Amino acid sequence: MSRFVEPVILTGDQWVRLEPLRAEHIPDIEAAARDSDNGTLWFTSAPTPDGAADWVSRMIAMQDGDSGVTFVVRSLEDGAAVGSTSMFHVDAANRRLEIGHTWYSSSVRRTGVNTETKLVLLTHAFESLGCVAVEFRTHYLNTASRAAIERLGAKLDGVLRSHQINPHPMAPGALRDTCVYSIIASEWHNVKAHLDYQLARVRA
């Protein structure tokens, strides 16, 4: 039986190549996490250099069955790993999934990396998988992530209050309010044009 979301390689036109995460990527994740502020972000589960091996194991375990795929984001410029993102919470029967668990090295912020990563993922979701909706979720207090999601053209569906108990050691037991955004298939044409426009501005 085939999976709804298969591990595939996705490549953008200028900035990124997305490779399905494997155990051999641990050194890449360690290096990318070293060039990040992941260790200071209490509202995410992004890996630190010391926790890269455990993080890779957890994300690979998530890929069992049809639960999703985690990708290493690699720079097309020099081949270096610069972060990671995932397709997960897959609902194959209803052709829905979530994009998230996204983090990047500090050196690629304010470049076209995130925009092109989202473009290739959304193109795959809507045009190859035939998704009817793609979700994005983030902590209510993660204002940077919320702004980035909104810049994609995603719309806020609502806020799940006291949605999760935070396991992070910097804020153990804190209750997380989760913002739920989505893009639906009928919006994809406009969202894609908007992402292409944003990338053209970065290239300029």
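If you want the working numbering, it's the position in the sequence shown, counting the first as 1, plus 46.
The beta carbon of each residue, even a glycine, is placed where N, CA and C say it ideally should be.
Just so it is clear, the structure is predicted and the values come from calculations on it, not from any experiment.
Do the stretch 132 to 152 and the stretch 176 to 187 meet, that is, are 3 or more Cβ pairs less than 8 angstroms apart?
Cβ pair count under 8 angstroms is three or more, so yes.
Using the C-alpha atoms, what's the distance from M133 back to A194?
Using only the alpha carbons, I get a separation of about 17 angstroms.
Please classify D112: does DSSP put it in a helix, a strand, or coil?
In this structure, D112 counts as coil in the three-state DSSP scheme.
Under a Cβ-count criterion, where at least 16 other Cβ atoms within 10 Å of its own Cβ denotes burial, should I55 be classed as buried or exposed?
When all chains shown are included, I55 counts as exposed.
Give me the Cα-Cα distance between G204 and R192, rounded to the nearest whole angstrom.
One C-alpha to the other measures close to 12 angstroms.
Have a look at K238, S82, D112, G58 and flag the residue whose alpha-carbon is nearest the alpha-carbon of A98.
The candidate whose alpha carbon is nearest that of A98 is S82.
Taking P66 as the reference, which of E76, L122, T131 has the closest Cα?
Measuring from the Cα of P66, the nearest candidate turns out to be T131.
Taking 7 angstroms as the cut-off, decide whether the C-beta atoms of F50 and D112 are in contact.
Contact flag set, yes.
Quick one: what's E65 bridged to in DSSP?
BP columns for E65 point to V118.
Start and end of the alpha helix (DSSP H) containing V166?
Unbroken alpha helix (DSSP H) run through V166: 159 to 169.
If you count every other CB in all the chains shown that lies within 10 Å of the CB of H235, and 16 or more means buried, which is it?
It is exposed - the Cβ of H235 has fewer than 16 other Cβ atoms within 10 Å.
Give me the Cα-Cα distance between P95 and E181, rounded to the nearest whole angstrom.
Looking at the two C-alpha atoms, the distance is approximately 28 angstroms.
According to the neighbour-count rule (16 or more other Cβ atoms, all chains shown, within 10 Å of its Cβ), is K164 buried or exposed?
Result: buried.
In chain order, what residues of the same chain lie with their CB nearer than 8 angstroms to the CB of R222, ignoring the 5 residues before and after it?
Cβ neighbours of R222 beyond the five flanking positions: F89, H185, Y186, S208, H209, Q210, I211, N212.
Going by alpha carbons, who is nearest to G69 out of I106, T57, A77?
It is Ala, not Gly, that sits at residue 69 in the sequence shown. Closest option to A69, Cα to Cα, is I106.
Between which two residues does the alpha helix (DSSP H) holding R80 run?
Looking at the DSSP string, the run of the alpha helix (DSSP H) that includes R80 is 72 to 80.
Please report the straight-line C-alpha distance between W101 and A220, rounded to a whole angstrom.
Roughly 21 angstroms separates the two Cα atoms.
In whole angstroms, give me the CA-to-CA distance for D74 and R80.
The straight-line gap from Cα to Cα measures roughly 10 angstroms.
Let me know the secondary structure DSSP gives T94 once reduced to three states.
T94: coil per DSSP, three-state reduction.
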